[in-house]
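Counting with mature numbering (1 follows the signal peptide of the UniProt record, and there is no 0), you get residues -20 to -1, 1 to 291 for the letters of the sequence shown.
By construction, the Cβ of each residue, glycine as well, lies at the ideal position given by its N, Cα and C atoms.
Remember, predicted model here, so these are calculated numbers, not experimental data.
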Amino acid sequence: MAALLLGAVLLVAQLQLVPCRPAAPGAEPGQQELVGKAATLQNEVRAGAAPNGSAQQLPQTIIIGVRKGGTRALLEMLSLHPDVAAAENEVHFFDWEEHFSQGLGWYLSQMPFSAPHQLTVEKTPAYFTSPKVPERVHSMNPSIRLLLILRDPSERVLSDYTQVFYNHVQKHKPYPSIEEFLVRDGRLNVDYKALNRSLYHVHMQNWLRFFPLRHIHIVDGDRLIRDPFPEIQKVERFLKLAPQINASNFYFNKTKGFYCLRDSGRDRCLHESKGRAHPQVDPKLLNKLHEYFHEPNKKFFELVGRTFDWH
């Protein structure tokens, strides 16, 4: 057993992935490395598993986004399931070059230990809007199941601003009002990054180049906030998990203003940074925001064959 464990450690440390198919012309070195024997790596590490049978596994599911869409809430709710092992932190393997360049061995080392029957999940919201990520994920595992949680694009923009605003407040740094970001020369500033992140159809097209729609489950983030149990049931079915999460696992916290979790008699809520009040925005500007997203939303609905209750 010790020899097997040592062999697995050395394999991860010295991993040189061999492409299972020719790399596309012009493919960068990092991609050529990733198009390799992920299954072989996993089997070798499994052979050197801990005495209790647990081992680190490459994720079979990734929550790919969207930023400020409710990814942390989704991960925490999914973690209620006994057959799910979730990475604690955002890994940023596929979108950060300094991480991606370290290879799948490094990525595997960021995963939690799990039993053979458990599903390993990681979430990094930036994946959805990062152009290089879909191909890289596909190269690792073309059959992976992807979770995408979305909210009303206008609300997501306001949440995006709110997060950055409070980050500056905590550091005692000044930060412009949201109007200064949203308006330029009397018009909506379409170059504002938060707006671009809410153009869901643009980013979804990139993912659909590599994955069929049946591999991507879209979670309605607005409904998850209002009534989480039905949404998490859909996630269980998509991931082919036995139904284990119940309505009793959720309770509404009136003080916080959102649902918290009850797990084996223990109550837990999301961090205080979640659910912050959005800034007050002039109604006329808010209408401009809604008008701006009207056509992009229609394109997204057509793309996924589904509509959402957005402005």
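With DSSP as the reference, identify every bridge partner of residue i, one or two as the case may be.
{"i": "residue 100", "result": "65"}
{"i": "residue 203", "result": "Its beta-bridge partners do not exist; DSSP assigns none."}
{"i": "residue 36", "result": "93"}
{"i": "residue 329", "result": "Residue 329 falls outside the range modelled here, since the chain spans only -20 to 291, and no answer is possible."}
{"i": "residue 231", "result": "240"}
Consult DSSP for residue i and reduce its assignment to one of helix, strand or coil.
{"i": "residue 134", "result": "helix"}
{"i": "residue 42", "result": "strand"}
{"i": "residue 147", "result": "helix"}
{"i": "residue 243", "result": "strand"}
{"i": "residue 226", "result": "coil"}
{"i": "residue 163", "result": "strand"}
{"i": "residue 189", "result": "coil"}
{"i": "residue 55", "result": "helix"}
{"i": "residue 248", "result": "strand"}
{"i": "residue 168", "result": "strand"}
{"i": "residue 271", "result": "helix"}
{"i": "residue 111", "result": "coil"}
{"i": "residue 290", "result": "coil"}
{"i": "residue 156", "result": "coil"}
{"i": "residue 257", "result": "coil"}
{"i": "residue 173", "result": "helix"}
{"i": "residue 220", "result": "coil"}
{"i": "residue 208", "result": "helix"}
{"i": "residue 119", "result": "helix"}
{"i": "residue 139", "result": "helix"}
Mark residue i as exposed unless 16 or more other C-beta atoms lie within 10 angstroms of its C-beta, in which case mark it buried.
{"i": "residue 107", "result": "buried"}
{"i": "residue 234", "result": "exposed"}
{"i": "residue 231", "result": "exposed"}
{"i": "residue 183", "result": "buried"}
{"i": "residue 102", "result": "buried"}
{"i": "residue 131", "result": "buried"}
{"i": "residue 170", "result": "exposed"}
{"i": "residue 119", "result": "buried"}
{"i": "residue 227", "result": "exposed"}
{"i": "residue 69", "result": "exposed"}
{"i": "residue 1", "result": "Interpretation of residue 1 is limited by its pLDDT of 33, a score under 50 that renders its predicted location unreliable; the figure taken from the coordinates is listed afterwards. Result: exposed."}
{"i": "residue 292", "result": "Outside the displayed range of the chain (-20 to 291) lies residue 292, so it cannot be described from this structure."}
{"i": "residue 46", "result": "buried"}
{"i": "residue 139", "result": "buried"}
{"i": "residue 149", "result": "exposed"}
{"i": "residue 245", "result": "exposed"}
{"i": "residue 49", "result": "buried"}
{"i": "residue 37", "result": "buried"}
Less than 8 angstroms between the CB atoms is what I'm expecting for residue i and residue j, so what's the real figure, rounded?
{"i": "residue 291", "j": "residue 258", "result": "Actually they do not touch by this definition, with Cβ atoms about 14 angstroms apart."}
{"i": "residue 110", "j": "residue 136", "result": "That pair is no contact at about 17 angstroms."}
{"i": "residue 100", "j": "residue 39", "result": "5 angstroms"}
{"i": "residue 53", "j": "residue 91", "result": "Contact doesn't hold; Cβ gap of about 21 angstroms is too wide."}
{"i": "residue 133", "j": "residue 277", "result": "7 angstroms"}
{"i": "residue 282", "j": "residue 190", "result": "Actually they are not in contact, since the Cβ atoms of residue 282 and residue 190 sit about 20 angstroms apart, beyond 8 angstroms."}
Consider the C-beta atom of residue i and the heavy atoms of the ligand GDP; say whether any pair is separated by less than 8 angstroms.
{"i": "residue 74", "result": "Inclusion of the ligand GDP in the displayed structure is not the case, the ligand content being empty and no account of it being possible."}
At a Cβ threshold of 9 angstroms, is residue i touching chain B?
{"i": "residue 177", "result": "You won't find chain B in this structure, because it holds only one protein chain."}
Touching or not, the segment 69 to 88 and the segment 195 to 209, by the rule of three or more beta carbon pairs under 8 angstroms? no
Does the count of Cβ pairs from the segment 214 to 227 and the segment 56 to 69 closer than 8 angstroms reach three? yes
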